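Working notes for the structure below.
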Ligand SMILES: [Zn+2]
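Numbering (my numbering), first residue to last: 3 to 226.
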């Protein structure tokens, strides 16, 4: 569900595995996964448009070798074993997609151990492009219009509304990662104090807060 706050372990539980890398290719109809970060000092150059619909995701570096610097090497198409790397699998899937483009779920790191679900994207195309003295992968993805199983029950306007990452980071810190009503620390959501449909805007920390699932639901019932 977009704007849901997940601990690392909640995210792993949802994806049914321990997520140790940035990219997981899964053969369609399964949904692939990417983990992104735009925090200061993030190791990769990922970007997301202000409206949250256009994601440009950077591929992964080569595995570190003794004495080597992965940031000075071309990002790899294949592994030393000769199998495709995750870069290679995503690139091949983007090239070979006939009809529907492969689906990818993107999670964004807000702070250590804390993630936000950015939604379900279509993998549209890739580039293998020069960045400084090496080549990197760029994967271009577009937010899907398909009903996201986790978001299907949400109002379309609510679904389309995006809380910027900087607001999420400020609010998470201010609310100390707990429901502001009951101090629960799991099943948390970023909540707009005034729903979009009633004229609320989500662009400032002042009208965004953290609620647990229970208080989020209770509030929805009261206002609607
Ligand atoms: Zn609560």
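Cβ atoms here follow ideal geometry from the backbone N, Cα and C, with glycine treated the same way.
Since the model is a prediction, treat every value here as computed from it, not as a measurement.
- In the three-state DSSP reduction, residue 135 falls in the coil class, being neither helix nor strand.
- For residue 54, the CB contacts under 6 Å within the same chain, skipping 5 residues up- and downstream, are 164 in chain order.
- DSSP lists 118 and 190 as the bridge partner or partners of residue 7.
- For residue 35, the enclosing beta strand (DSSP E) covers residues 34 to 38.
- Your pair residue 90 and residue 80 checks out as a contact, with CB atoms roughly 6 Å apart and the cut at 8 Å.
- Counting other Cβ atoms within 10 Å of its Cβ, residue 184 stays below 16 and is therefore classed as exposed.
- Per the C-alpha coordinates, the member of 41, 45 and 56 positioned closest to residue 64 is 45.
- Between the alpha carbons of residue 21 and residue 118 lies a gap of roughly 14 Å.
- Here the distance from the Cβ of residue 213 to the nearest heavy atom of ligand 1 is below 7 Å.
- Taking 8 Å as the cut-off, the beta carbon of residue 108 is found closer than this to the beta carbon of residue 120.
- Straight-line spacing of the CA atoms in residue 72 and residue 139 works out to 14 Å.
- It is roughly 49 Å from the alpha-carbon of residue 68 to the alpha-carbon of residue 209.
- Per DSSP, residue 174 is one residue of the alpha helix (DSSP H) stretching across 167 to 176.
- Contact check for residue 207 and residue 172: beta-carbon distance about 4 Å, within the 8 Å limit, so the pair qualifies.
- Remark: C-beta atoms of residue 48 and residue 56 do not approach each other more closely than 8 Å.
- According to the DSSP assignment, residue 85 belongs to no beta strand (DSSP E), since it is labelled neither H nor E.
- According to DSSP, residue 107 shares a beta bridge with 35 and 122.
- The DSSP-derived three-state label of residue 62 is coil.
- At a threshold of 7 Å, residue 120 does not count as near ligand 1, since its beta carbon sits no closer than that to any of the ligand's heavy atoms.
- Excluding residues up to 5 positions away in sequence, 8 lie with their Cβ nearer than 8 Å to the Cβ of residue 16 in the same chain.
- Beta bridge pairing from DSSP links residue 57 with 50 and 143.
- Residue 150 is classed as buried because its beta carbon has at least 16 other beta carbons within 10 Å across all chains shown.
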